[in-house]
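Protein chains: 2
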Amino acid sequence: MSAPRTARERVREEMTAEILAVARQHVAREGAAALSLRSIARDLEMAPSALYRYFDGRDALLSALILAAYGSLADEAERAAAVVAPEGEGDAARWRAVPRALRTWALAYPHEWGLIFGTPVPGYDAPEETVEPYARIVSALVRPIIEAEAAGRLQTGAHEGAISRELRDAVAPVSDALFPHMPAAKVVLAIQAWSTIVGVISLEVFGHWRNTILNPGAFFEATIRTEADSIGLR
Amino acid sequence: MSAPRTARERVREEMTAEILAVARQHVAREGAAALSLRSIARDLEMAPSALYRYFDGRDALLSALILAAYGSLADEAERAAAVVAPEGEGDAARWRAVPRALRTWALAYPHEWGLIFGTPVPGYDAPEETVEPYARIVSALVRPIIEAEAAGRLQTGAHEGAISRELRDAVAPVSDALFPHMPAAKVVLAIQAWSTIVGVISLEVFGHWRNTILNPGAFFEATIRTEADSIGLR
DNA sequence: ACTTGACATGAACACTGTTCACACTTAGGA
DNA sequence: TCCTAAGTGTGAACAGTGTTCATGTCAAGT
Numbered sequence: 161m162s163a164p165r166t167a168r169e170r171v172r173e174e175m176t177a178e179i180l181a182v183a184r185q186h187v188a189r190e191g192a193a194a195l196s197l198r199s200i201a202r203d204l205e206m207a208p209s210a211l212y213r214y215f216d217g218r219d220a221l222l223s224a225l226i227l228a229a230y231g232s233l234a235d236e237a238e239r240a241a242a243v244v245a246p247e248g249e250g251d252a253a254r255w256r257a258v259p260r261a262l263r264t265w266a267l268a269y270p271h272e273w274g275l276i277f278g279t280p281v282p283g284y285d286a287p288e289e290t291v292e293p294y295a296r297i298v299s300a301l302v303r304p305i306i307e308a309e310a311a312g313r314l315q316t317g318a319h320e321g322a323i324s325r326e327l328r329d330a331v332a333p334v335s336d337a338l339f340p341h342m343p344a345a346k347v348v349l350a351i352q353a354w355s356t357i358v359g360v361i362s363l364e365v366f367g368h369w370r371n372t373i374l375n376p377g378a379f380f381e382a383t384i385r386t387e388a389d390s391i392g393l394r
Numbered sequence: 161m162s163a164p165r166t167a168r169e170r171v172r173e174e175m176t177a178e179i180l181a182v183a184r185q186h187v188a189r190e191g192a193a194a195l196s197l198r199s200i201a202r203d204l205e206m207a208p209s210a211l212y213r214y215f216d217g218r219d220a221l222l223s224a225l226i227l228a229a230y231g232s233l234a235d236e237a238e239r240a241a242a243v244v245a246p247e248g249e250g251d252a253a254r255w256r257a258v259p260r261a262l263r264t265w266a267l268a269y270p271h272e273w274g275l276i277f278g279t280p281v282p283g284y285d286a287p288e289e290t291v292e293p294y295a296r297i298v299s300a301l302v303r304p305i306i307e308a309e310a311a312g313r314l315q316t317g318a319h320e321g322a323i324s325r326e327l328r329d330a331v332a333p334v335s336d337a338l339f340p341h342m343p344a345a346k347v348v349l350a351i352q353a354w355s356t357i358v359g360v361i362s363l364e365v366f367g368h369w370r371n372t373i374l375n376p377g378a379f380f381e382a383t384i385r386t387e388a389d390s391i392g393l394r
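One line per chain: the protein sequences are A and B, in this order. Residues 161 to 394 (the numbering used here) are what the first sequence spells out, left to right. Residues 161 to 394 (the numbering used here) are what the second sequence spells out, left to right.
See the structure below:
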């Protein structure tokens, strides 16, 4: 990441980036399943074996692509969460900008979305490095909620009954990491909203709305309105 | 499907079923990406080219597997929807049996779940034949709602505001096919519940709950409780 | 100036899906 | 009953894949 000292290191970094860029194009056009080291090498006009100097195998390259997709989506989510709220805009409207950004990104890069939320690759993706961007995405979704709570503007939702100890324990890691000093019922509602958002986007991106929902955008807007309401944002 | 007349037809049917069974085992064990015609042929002790007498290519075999997965899941959903409610059990409890069955099936056959709700295969799945089992799944989920409505036991949910004409049109196919004489707001809530269920199950099956939700079963139960409540089932 | 390390190559191996000409077996009409 | 046509299985072949490795080639560091 830091400035490359020698010329060798610089050309190496450029080459790595170029390989990744071409691989990304291939995935964007034909999906991850069709990703071929040899066709990448052809595009770059070099021998297939040369790629092994930069990535040790197809799975490693795919892992790098998955990581890049995570990062790209996380950037988008943070950008949406960081825009200052226009005068008089409510917490709900501000929150909705984040899932909306997720959907826009997913529609622009459907195969990348599949890389993250679709069927896991046979080998399995890199578990350790993905938790950081994953946390960034969820954090972006959570920030408006926390700020509304801090300002005392968060309503008590309709579905917030008593929560069993079992359920409280189940979501404990999320409570501790993202929602300090927030009632567990709210945490559960937030994770449910997250599940709904991922579900709705995946169903649309993966083609399950065909002949079912004629206007996915309108349905998505209604869904995130419902979710915001359910969480207690106004 | 009907009784095979000649002995030839019968042995052909058996052979087809056997190929499908072996292929299913391979998918269940290593996932769809690793499905190999040659390894299936090895297991069956026949030449790889012989498989082409029964399925014209790997994609066709995969399509058959996808279709079989749809059918299996639909059977499970219908079975859950068909159990008679015990005395005094509410509509909500009855409805929850269906998403619970979906999750149980998904955990038992995670790769098959990926076949249906994961990243679409490069070629693309058979669009026409899948709408029938897909409709069966959704119908099973919808039946308890309709019956509660018919008995006049369906409450008016908290999130049912006025619905725009745009949104009503967006879900029109679902309204017409599955929810005759039901307010559009309820239809929207039902589709949102469907999205949440698919999202929650996919996130669990695809490994996104790792280090996040310690007790996925408890969280799932809470989620379908929330959804039933949101729809207005009691 | 020379040696060491990184880089790139092309050939090779073991796979994969798919096609095809060829045998063999069975079914059904002459 | 024979004989033809269809169905079924085979092995070789082709084009493609990921991966390894011995061989060069070039630039940097001592």
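For glycine and all other residues, C-beta sits at the position ideal for the given N, C-alpha and C.
Cβ closer than 7 angstroms: which chain A residues qualify as neighbours of B/Asp329? In the second sequence, counting from the first residue as 1, residue 329 of chain B sits at position 169. Correct list: Leu374 and Asn375.
Would you report the Cα separation of B/Val171 and B/Trp273, rounded to the nearest angstrom?
The residue labelled residue 171 of chain B in the question sits at position 11 within the second sequence. The residue labelled residue 273 of chain B in the question sits at position 113 within the second sequence. If I take the Cα positions, the gap works out to 30 angstroms.
Name the two residues that bound the continuous alpha helix (DSSP H) containing B/Met175.
Sequence index remark: in the second sequence, residue 175 of chain B carries index 15 (1-based). Per DSSP, B/Met175 belongs to the alpha helix (DSSP H) from Ala167 to Glu190.
| field | Partner residues on chain A for B/Phe339, Cβ-Cβ distance less than 9 angstroms | value | Sequence index remark: in the second sequence, residue 339 of chain B carries index 179 (1-based). Those do not exist, as B/Phe339 stays about 12 angstroms from chain A at its closest Cβ, beyond 9 angstroms.
I'd like to know if B/Gln352 contacts chain A, where contact means its C-beta is closer than 8 angstroms to some C-beta of that chain. Within the second sequence, residue 352 of chain B is the residue found at index 192, counting from 1. It does; some Cβ of chain A falls within 8 angstroms.
**OP:** Only counting runs of 4 or more residues, tell me where the alpha helix (DSSP H) segments fall wholly within the region 262-297 of chain B, in order along the chain.
**Re:** 270-277
Fill in: B/Leu233 and B/Ile297 closer than 8 angstroms at C-beta
Position 73 of the second sequence, counted from the start, is the residue given in the question as residue 233 of chain B. Position 137 of the second sequence, counted from the start, is the residue given in the question as residue 297 of chain B. Yes; because the gap between Cβ atoms is below 8 angstroms, this pair is in contact.
Among A/Ile384, A/Glu326 and A/Glu289, whose alpha-carbon lies nearest the alpha-carbon of A/Arg263?
Position 103 of the first sequence holds residue 263 of chain A. Residue A/Ile384 is the option with its Cα nearest to A/Arg263.
Inset, instruction - Please look up how many angstroms separate the CB atoms of A/Ala344 and A/Ser335, rounded, as I've assumed it's under 8 angstroms. - result: Residue mapping note: residue 344 of chain A aligns to position 184 of the first sequence, counting from 1. Residue mapping note: residue 335 of chain A aligns to position 175 of the first sequence, counting from 1. Confirmed, Cβ separation roughly 6 angstroms.
Along the chain, where does the alpha helix (DSSP H) that runs through A/Tyr230 open and close? Residue numbering aside, residue 230 of chain A sits at position 70 when the first sequence is read from its first letter. Start and end: Arg218 to Ala242.
Can you tell me whether A/Ala353 is buried or exposed, with buried defined as 16 or more other CB within 10 angstroms of its CB? For the purposes of this step, residue 353 of chain A is taken as the residue at position 193 of the first sequence. Per the 10 Å Cβ criterion, buried.
>> Buried or exposed, going by whether 16 or more other CB atoms sit within 10 Å of the CB of B/Tyr269?
In response: Within the second sequence, the letter at position 109 stands for residue 269 of chain B. Classification for B/Tyr269: buried.
| query | For a contact meaning CB atoms closer than 9 angstroms, what does B/Ser196 contact in chain A? | reply | For the purposes of this step, residue 196 of chain B is taken as residue 36 along the second sequence, with counting starting at 1. Result: empty, since nearest Cβ-Cβ is about 12 angstroms, beyond 9 angstroms.
Worksheet entry | B/Ala177 classed as buried or exposed, judged by whether at least 16 other C-beta atoms fall within 10 angstroms | Walking along the second sequence from the start, residue 177 of chain B turns up at place 17. B/Ala177 comes out exposed.
- Would you report the Cα separation of B/Phe366 and A/Ala350, rounded to the nearest angstrom? Taking the first residue of the second sequence as position 1, residue 366 of chain B is located at position 206. Taking the first residue of the first sequence as position 1, residue 350 of chain A is located at position 190. Approximately 20 angstroms between the Cα atoms of the pair.
- [ ] Quick one: measure Cβ to Cβ for B/Thr290 and B/Tyr230, integer angstroms, because I've assumed they're closer than 8 angstroms.
- [x] The count along the second sequence starts at 1 and reaches residue 290 of chain B at position 130. The count along the second sequence starts at 1 and reaches residue 230 of chain B at position 70. That belief holds up - the Cβ atoms of B/Thr290 and B/Tyr230 are roughly 5 angstroms apart, short of 8 angstroms.
- Chain-ordered chain B contacts of A/Pro293 [CB-CB under 7 angstroms]: For this step, residue 293 of chain A is matched to residue 133 along the first sequence. The premise fails here: A/Pro293 is roughly 13 angstroms from chain B at the closest Cβ pair, so nothing lies under 7 angstroms.
Subject >> Cα-Cα separation between B/Ala228 and A/His368, rounded to whole angstroms >> reply: Walking along the second sequence from the start, residue 228 of chain B turns up at place 68. Walking along the first sequence from the start, residue 368 of chain A turns up at place 208. Using only the alpha carbons, I get a separation of about 17 angstroms.
B/Leu338: first and last residue of the uninterrupted alpha helix (DSSP H) it sits in: Here residue 338 of chain B refers to the residue found at position 178 of the second sequence. Run containing B/Leu338: Ala332 to Leu338, per the alpha helix (DSSP H) assignment.
With 16 other CB atoms within 10 Å as the buried threshold, where does A/Leu372 fall? For the purposes of this step, residue 372 of chain A is identified with residue 212 of the first sequence, where counting begins at 1. Here residue 372 of chain A is Thr; the residue named in the question, Leu, does not match the sequence. By the neighbour-count rule (16 or more Cβ atoms within 10 Å), A/Thr372 is buried.
Notebook entry, point to check: Counting Cβ pairs closer than 8 angstroms, one from the region 202-209 of chain B and one from the region 178-190 of chain B, do we hit at least three?
Noted result: yes
TODO: Could you tell me how far apart the beta carbons of B/Ala257 and B/Val243 are, in whole angstroms, since I believe they sit closer than 8 angstroms?
DONE: As a working note, residue 257 of chain B is residue 97 in the second sequence. As a working note, residue 243 of chain B is residue 83 in the second sequence. Yes, they are in contact, since the Cβ atoms of B/Ala257 and B/Val243 sit about 7 angstroms apart, within 8 angstroms.
Straight-line gap, A/Gly414 to B/His271 (C-alpha atoms, nearest Å): The requested residue 414 of chain A does not occur in the structure, where chain A is confined to residues 161 to 394.
Any beta carbon of chain B sitting closer than 8 angstroms to that of A/Ala332? Within the first sequence, numbered from 1, the residue matching residue 332 of chain A stands at position 172. Taking Cβ atoms only, chain B reaches closer than 8 angstroms to A/Ala332, which makes this a yes.
Would you say A/Glu272 reaches chain B, if we count a Cβ-Cβ gap shorter than 8 angstroms as a contact? Here residue 272 of chain A refers to the residue found at position 112 when the first sequence is read from its first residue. It does not; no Cβ of chain B falls within 8 angstroms.
Give me the chain B residues within the contact set of A/Ala300, using Cβ-Cβ distance strictly less than 7 angstroms, ordered along the chain. For this step, residue 300 of chain A is matched to residue 140 along the first sequence. The contacting residues do not exist; A/Ala300 stays about 16 angstroms from chain B at best.
Quick check: is the beta carbon of A/Ser355 nearer than 8 angstroms to any beta carbon in chain B?
Along the first sequence, one-based indexing puts residue 355 of chain A at 195. Output row for A/Ser355: interface = yes.
Is there at least one Cβ from chain B nearer than 8 angstroms to A/Leu233's Cβ?
The sequence position of residue 233 of chain A within the first sequence is 73, counting from 1. Not one chain B Cβ lies under 8 angstroms of A/Leu233.
Locate the alpha helix (DSSP H) running through B/Arg394, then write down its first and last residues.
Your numbering for residue 394 of chain B matches position 234 in the second sequence. Run containing B/Arg394: none; DSSP gives neither H nor E here.
Practice problem: Within 10 angstroms of the Cβ of A/Gly312, are there 16 or more other Cβ atoms? Answer buried if so, exposed if not. | Solution: Here residue 312 of chain A refers to the residue found at position 152 of the first sequence. A/Gly312 should be labelled exposed.
message: Beta carbons nearer than 9 angstroms to chain A: which residues of the region 376-394 of chain B have them?
response: Pro376, Gly377, Ala378, Phe379, Glu381, Ala382, Thr383, Arg385, Thr386, Glu387, Asp389 and Ser390
task: Would you please state the rounded distance, in angstroms, between the beta carbons of B/Leu225 and B/Pro208? I believe it to be under 8 angstroms.
output: If you number the second sequence from 1, residue 225 of chain B lands on position 65. If you number the second sequence from 1, residue 208 of chain B lands on position 48. That belief does not hold up - the Cβ atoms of B/Leu225 and B/Pro208 are roughly 18 angstroms apart, past 8 angstroms.
Q) Taking C-beta to C-beta, are B/Glu309 and B/Thr356 nearer than 8 angstroms? A) Reading the second sequence from its first residue, position 149 is the one you call residue 309 of chain B. Reading the second sequence from its first residue, position 196 is the one you call residue 356 of chain B. Not closer than 8 angstroms, so no.
CB-CB under 7 angstroms to B/Leu363, same chain, minus the five flanking residues each way: which ones, in chain order? The residue labelled residue 363 of chain B in the question sits at position 203 within the second sequence. Answer for B/Leu363: Trp369, listed in chain order.
* Asked: Applying a beta-carbon distance threshold of less than 8 angstroms, which residues of chain A neighbour B/Ala266?
  -> Mapped onto the second sequence, residue 266 of chain B falls at position 106. Those do not exist, as B/Ala266 stays about 12 angstroms from chain A at its closest Cβ, beyond 8 angstroms.
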